[in-house]
Amino acid sequence: MNQIAQLSTPAETMMANAIRALTMDAVEAAKSGHPGMPMGMADVAAVLFKRFVKLDPSAPGWADRDRFVLSAGHGSMLLYAVHHLLGYADMPMGQLRAFRQFGSRTAGHPEYGHAAGIEVTTGPLGQGIATATGMALAERMLNARFGDELVDHFTYVMAGDGCLMEGISHEAIDMAGHLGLGRLIVLWDDNGITIDGGTELSTSTDQLARFAASGWHVQRVDGHAAEEIAAAIEAARADARPSLIACRTVIGYGAPTKQGSHDVHGAPLGASEIAAAREALGWTSAPFEIPETVYAEWRAVAERGREAHAQWASRLAKSPLRDEFTAFHTAPDARALDAAIGAYKHSLIQSAPNVATRKSSEMALEVLNETLANTVGGSADLTGSNNTRSKGMTSVRPGDFGGRYVHYGIREHGMAAAMNGIALHGGLRPYGGTFLAFADYARGAIRLSALMGVQVTYVLTHDSIGLGEDGPTHQPVEHLASLRAMPNLNVIRPADAVEAAEAWQIAVTAEGRPNALILSRQNLPMIRGRHIDENLTARGAYLLRDPVEGRDVTLIATGSEVQIAVAAARLLEERGLRAAVVSAPCFELFAEQGPAYRLRVRGSAPRVGIEAAIRQGWDLFLERNDAFVGMAGFGASAPAAQLYEHFGITPEAVAEAAERAIANNRKQEELA
Numbered sequence: 001m002n003q004i005a006q007l008s009t010p011a012e013t014m015m016a017n018a019i020r021a022l023t024m025d026a027v028e029a030a031k032s033g034h035p036g037m038p039m040g041m042a043d044v045a046a047v048l049f050k051r052f053v054k055l056d057p058s059a060p061g062w063a064d065r066d067r068f069v070l071s072a073g074h075g076s077m078l079l080y081a082v083h084h085l086l087g088y089a090d091m092p093m094g095q096l097r098a099f100r101q102f103g104s105r106t107a108g109h110p111e112y113g114h115a116a117g118i119e120v121t122t123g124p125l126g127q128g129i130a131t132a133t134g135m136a137l138a139e140r141m142l143n144a145r146f147g148d149e150l151v152d153h154f155t156y157v158m159a160g161d162g163c164l165m166e167g168i169s170h171e172a173i174d175m176a177g178h179l180g181l182g183r184l185i186v187l188w189d190d191n192g193i194t195i196d197g198g199t200e201l202s203t204s205t206d207q208l209a210r211f212a213a214s215g216w217h218v219q220r221v222d223g224h225a226a227e228e229i230a231a232a233i234e235a236a237r238a239d240a241r242p243s244l245i246a247c248r249t250v251i252g253y254g255a256p257t258k259q260g261s262h263d264v265h266g267a268p269l270g271a272s273e274i275a276a277a278r279e280a281l282g283w284t285s286a287p288f289e290i291p292e293t294v295y296a297e298w299r300a301v302a303e304r305g306r307e308a309h310a311q312w313a314s315r316l317a318k319s320p321l322r323d324e325f326t327a328f329h330t331a332p333d334a335r336a337l338d339a340a341i342g343a344y345k346h347s348l349i350q351s352a353p354n355v356a357t358r359k360s361s362e363m364a365l366e367v368l369n370e371t372l373a374n375t376v377g378g379s380a381d382l383t384g385s386n387n388t389r390s391k392g393m394t395s396v397r398p399g400d401f402g403g404r405y406v407h408y409g410i411r412e413h414g415m416a417a418a419m420n421g422i423a424l425h426g427g428l429r430p431y432g433g434t435f436l437a438f439a440d441y442a443r444g445a446i447r448l449s450a451l452m453g454v455q456v457t458y459v460l461t462h463d464s465i466g467l468g469e470d471g472p473t474h475q476p477v478e479h480l481a482s483l484r485a486m487p488n489l490n491v492i493r494p495a496d497a498v499e500a501a502e503a504w505q506i507a508v509t510a511e512g513r514p515n516a517l518i519l520s521r522q523n524l525p526m527i528r529g530r531h532i533d534e535n536l537t538a539r540g541a542y543l544l545r546d547p548v549e550g551r552d553v554t555l556i557a558t559g560s561e562v563q564i565a566v567a568a569a570r571l572l573e574e575r576g577l578r579a580a581v582v583s584a585p586c587f588e589l590f591a592e593q594g595p596a597y598r599l600r601v602r603g604s605a606p607r608v609g610i611e612a613a614i615r616q617g618w619d620l621f622l623e624r625n626d627a628f629v630g631m632a633g634f635g636a637s638a639p640a641a642q643l644y645e646h647f648g649i650t651p652e653a654v655a656e657a658a659e660r661a662i663a664n665n666r667k668q669e670e671l672a
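Under the UniProt record's numbering, the sequence shown has 115 at position 115, and the numbering climbs by one with no breaks.
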């Protein structure tokens, strides 16, 4: 059973067995977890880190470090064990003892931001490999700008069978192969086991053939033979294509009676099996104890990384590109951005364009991309519809990464995950577009954007029945509510060109939060009549019209329906009723305002919400008895104006709803 020692160097054997021992002990202490993958891939990890990986635990955010992504996030103890052994300051043994416990950094799956060196939140299978594709793309794009002296690193991914079965994996490998992302190396834990049993239960795919067909360099190795592993990684690093290394492993390797079985995937081994495994592996240390000789081998990896970091820092200090490189990796110049957006807003008030907000977004991007050098645009094959490409942006192409515009192809989920990777990598600020109705295809990655708090901007156009003839498949009605239900995501639906510009200003400055810009296909008039320096969209909602004599009703609308609210207010005025109008582009930002401001905007009079979507999620603005004018079902195929008339989202309908609300309110007051 002590086969590992025959196939690896003694040092790498002990380094790998340390991962196994810590995994067994932590999972047993937690009474839950996944020991199979870390024990099976321990030899691969030992070789990868001892011989190849470049990182500095004392500077986890060093820009030119290699990225290591554990796509098979259920094997998190491998990552935590490695970080402890390397000497990450925030990963002492106490954190391993507290594996999966409340308040620890060692969550059941790796969580970005919980501990240093965790490059990405993984858990939903396939997200890691897709996010890593974005990291590898960012590395090549920054290398094209700053050269090998400042940007020269690899992205390593450890993935399992589940990662490769998930559909997002195909979007990612297709894109990576097409672009030729040669700095991306995937180490596949080819153990033939899933939770239900052997992989033959659910798949017959020849993964090497699949990757090769997508333009990848592929190899197969014994995942417990150090020299085979090392030779394959060397070959992968030397190849211009992205690489897949199929590492044939035994899941739970070292556990005498449970290895090779699905029983070892996701449950503690038990005290007797752990004791037998220690004996089989020749591991004599007590639980959660590591020999100093093993620590020394792992700390040598960290020392090599510190030296590489010091050499890189010296090169950066001497580089004529130092200031530009630093600017790419820091927050935007707020003063320059404020001045550019302020001047642009002033010009909009003068010109009062009547354009769709997707066009308004494109106009704002002209200003934004001119002001910020590190924005990266893109679209899921809808560039001309999303209006995401500003003048002068050149395309990223295979072998040519000097452009700023990425053609993600018809891969909404892969695009969203890749943008997460670009943002997580650092140095670039990604945004990408698709239709709002297709946001469902990308939802898994959008959720991770929000969970991790990464600054990705989703440009989601064709936002309602207003897109017209393409019909209900393309007309989102529940999507606004669905996205608003997601914590830590700004959902911004601007009503005109000024609000669109303000939305973009928020998107590039809102650290720790992604943003979804919800944009119309149909033209919209300007609703702002005068220039205001303040970014009112950042308030979430604001009074566009407030009668001096007080209000009988408050009309609250978003996006294209704000113009309907304004028209309805005029109708009510003709009938002797005073209507305030509120533009509410971002519910999330409004919820963060103080109670006095929220009360002033909402008012105490009856309210009518207006949005070409379902009512769900409007409780921030409306009481149960308040009225709502919007959608109650799916749309239809017809010109936009006819659809608004058919579904009763018109000034007349709003005015009638307001009159009913006022009458009901007066009746209740009389009864009281």
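Just so it is clear, CB atoms sit at the ideal spot from N, CA and C, and this is done for glycine as well.
Alpha carbon to alpha carbon, how far is residue i from residue j?
i           : j           : result
residue 602 : residue 466 : 27 Å
residue 271 : residue 187 : 31 Å
residue 122 : residue 531 : 45 Å
residue 352 : residue 526 : 6 Å
residue 555 : residue 645 : 19 Å
residue 613 : residue 477 : 4 Å
residue 431 : residue 459 : 7 Å
residue 71  : residue 54  : 19 Å
residue 464 : residue 541 : 20 Å
residue 7   : residue 43  : Low local confidence applies: a pLDDT of 46 at residue 7 is under 50, so the model's placement there is unreliable, and no value is given.
residue 189 : residue 480 : 39 Å
residue 88  : residue 340 : 42 Å
residue 677 : residue 655 : Nothing in the structure corresponds to residue 677, since the chain is present only between 1 and 672.
residue 12  : residue 414 : 36 Å
residue 517 : residue 386 : 11 Å
Mapping DSSP to helix, strand and coil, what is residue i?
i           : result
residue 43  : helix
residue 363 : helix
residue 18  : helix
residue 426 : coil
residue 243 : strand
residue 49  : helix
residue 490 : strand
residue 190 : strand
residue 248 : strand
residue 524 : strand
residue 184 : strand
residue 150 : coil
residue 654 : helix
Starting from residue i, follow the alpha helix (DSSP H) in both directions and report where the run begins and ends.
i           : result
residue 717 : An answer regarding residue 717 cannot be provided, because it is not within the stretch 1 to 672 covered by the chain.
residue 144 : 127 to 146
residue 446 : 439 to 452
residue 218 : From DSSP, residue 218 is part of no alpha helix (DSSP H) but of the beta strand (DSSP E) over 217 to 222.
residue 609 : Run containing residue 609: none in the alpha helix (DSSP H); it sits in the beta strand (DSSP E), 607 to 610.
residue 326 : 322 to 328
Ends of the beta strand (DSSP E) at residue i?
i           : result
residue 154 : Premise fails: residue 154 is in no beta strand (DSSP E) and is neither H nor E.
residue 580 : 579 to 583
residue 542 : 542 to 545
residue 627 : 627 to 629
residue 68  : 67 to 70
Would you call residue i buried or exposed, if buried means 16 or more other Cβ atoms sit within 10 Å of its Cβ?
i           : result
residue 335 : exposed
residue 102 : exposed
residue 642 : exposed
residue 346 : exposed
residue 311 : exposed
residue 297 : buried
residue 166 : buried
residue 150 : buried
residue 361 : buried
residue 390 : buried
residue 154 : buried
residue 204 : exposed
residue 671 : exposed
Say yes only if the C-beta of residue i is nearer than 7 Å to one or more non-hydrogen atoms of the ligand NAP, and no if none qualify.
i           : result
residue 348 : Annotation note on the ligand NAP: not contained in the displayed structure, which lists no ligands.
4 or more residues per run - each alpha helix (DSSP H) lying fully within the stretch 373 to 411 = 383 to 386
Contained beta strand (DSSP E) runs [length at least 3] in the stretch 223 to 310, N- to C-terminal order = 243 to 248
Segments assigned beta strand (DSSP E), at least 3 residues, entirely inside the stretch 81 to 128 = none
Which ranges would you report for the beta strand (DSSP E) in the stretch 472 to 516 if only whole runs of at least 3 residues count?
-> 490 to 492
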